[in-house]
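Each remark here refers to the structure printed beneath this line.
Residue numbers (the UniProt record's numbering): 1 to 289.
Shown next as structure tokens:
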């Protein structure tokens with residue numbers, strides 16, 4: 001971002017929330033790594049707050065940033081920005097209002113999994129946490145509404161350029177959604193931000209002739225393997241040894257059968273590549289006209 005002009009769109013907002021929230025969660029984790037502090041705070045609500053600080057801030061907020069950023073590339077239309085910002089605001093306000101009081105309650109001695117309490121000093125913090133949870137719930141509802149409205153209005157929000165964010169990386173050089181072969185010509189990635197630099201210099205014209213593209217055939221083997229692995233893990237957890245042995249053997253047999261399957265690829269003709277690229281180029285010219 002150095003030297004650039006940061007635009008606070010929904011993906012950037014989620015990214016900032018991720019950086020700040022995960023940093024706080026990391027610092028509280030460092031505190032829990034101190035034996036004396038851990039002895040005092042173990043099994044308290046401080047631990048609950050720390051866990052959610054890292055999981056929600058360090059994982060979920062990052063996932064939501066990526067979801068908002070790459071959604072147009074996957075589905076071909078952008079998400080509603082206004083509803084996305086409202087959802088973000090409710091999520092972040094709700095998160096801090098829900099979990100920051102739990103740190104204080106942990107210091108005050110409140111443990112996890114209590115079905116009742118008799119300390120009135122805890123009540124304001126618990127009420128604040130409850131209000132925060134309502135904000136988070138509102139953020140979730142707004143996110144679902146955002147997806148519904150975006151799908152409903154998708155024809156008005158089509159990503160016809162393939163690059164709605166004026167991005168820097170190569171995936172945005174393809175249409176949205178990208179063709180099943182991704183790139184008609186293998187792009188040159190000899191710079192840190194190859195697509196950004198190419199846009200500054202001027203994108204090269206399409207080649208006069210395309211080469212056939214070597215493509216893999218579709219296969220259901222990964223799904224089948226995952227089913228066997230799921231059964232194997234379930235059986236190992238519950239000590240169902242016959243099921244564990246059977247699923248392990250099935251997994252090995254599936255791998256062997258796949259290894260001997262030679263019909264796994266094909267070549268996409270240059271004519272079909274040219275037709276697809278010409279159609280995408282015509283759409284782009286129509287937008288820029």
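Backbone N, C-alpha and C fix where the C-beta goes; we use that ideal spot for every residue, glycine too.
Note that the structure is predicted; figures quoted are calculated from it, not measured.
Taken through DSSP and simplified to helix, strand or coil, residue 38 comes out as helix. Closest in C-alpha terms to residue 221, from the list 255, 107, 184, comes 255. Taking every protein chain shown into account, the CB of residue 252 has fewer than 16 other CB atoms within 10 angstroms, so this residue is exposed. Annotated three-state conformation of residue 240 is coil, per DSSP. Note on the segment 54-102: whole alpha helix (DSSP H) runs with a minimum of 4 residues are 61-75, in chain order. Apart from sequence neighbours up to five positions away, the residues of its chain that approach residue 65 with a beta-carbon distance below 7 Å are 11, 14, 15, 18, ordered along the chain. In this model, residue 25 and residue 53 are separated by some 5 Å (Cα to Cα). Looking from the CA of residue 55, the closest CA among 228, 79, 77, 29 belongs to 29.
Given a length threshold of 4 residues, each whole run of the alpha helix (DSSP H) inside the segment 208-258 is given here in chain order: 221-237. In this structure, residue 214 lies away from residue 261, with their beta-carbon atoms at least 8 Å apart. In the DSSP assignment, residue 117 falls outside any beta strand (DSSP E), carrying neither H nor E. Remark: C-beta atoms of residue 283 and residue 160 approach each other more closely than 8 Å. Around the Cβ of residue 163, a 10 Å sphere holds 16 or more other Cβ atoms; the residue is buried. 8 Å or more divides the Cβ of residue 136 from the Cβ of residue 189. Where residue 192 is concerned, there is no enclosing beta strand (DSSP E), because DSSP gives it neither an H nor an E. Residue environment: residue 45 is assigned as buried (16 or more neighbouring CB atoms within 10 Å of its CB, all protein chains considered).
For the options 6, 89, 103, the alpha carbon positioned closest to that of residue 50 is the one of 103. Just so you know, the alpha carbons of residue 88 and residue 177 end up roughly 25 Å apart. Here residue 68 is buried. Its C-beta has 16 or more other C-beta atoms within 10 Å. Closest by C-alpha distance to residue 6, out of 154, 250, 229, 167, is 167. Residue 218 counts as exposed, since fewer than 16 other beta carbons sit within 10 angstroms of its beta carbon. Between residue 94 and residue 128, the C-beta gap is not smaller than 8 Å, which leaves the two residues out of contact. Per DSSP, the unbroken beta strand (DSSP E) holding residue 268 starts and ends at 265-268. Here residue 134 carries a helix assignment [DSSP, helix/strand/coil]. About 12 Å separates the CB atoms of residue 244 and residue 230; that is not less than 8 Å, and the two are not in contact. Taking residue 145 as the centre and dropping the five residues before and after it, the same chain places the C-beta of 83 closer than 7 Å to its C-beta, in chain order.
For residue 120, the number of other beta carbons within 10 angstroms of its own is below 16, and it is reported as exposed. When the five nearest sequence neighbours on each side are left out, the beta carbons in the same chain lying within less than 7 Å of the beta carbon of residue 170 are those of 187, 189, 194, 195, in order along the chain. Apart from the 5 residues on each side of it in sequence, residue 43 sits with its Cβ closer than 7 Å to the Cβ of 111, 112 in its chain, given in chain order. Of all alpha-carbon atoms in 204, 37, 20, the one lying nearest the alpha-carbon of residue 58 is that of 20. Residue environment for residue 106: buried (at least 16 other C-beta atoms within 10 angstroms of its C-beta).
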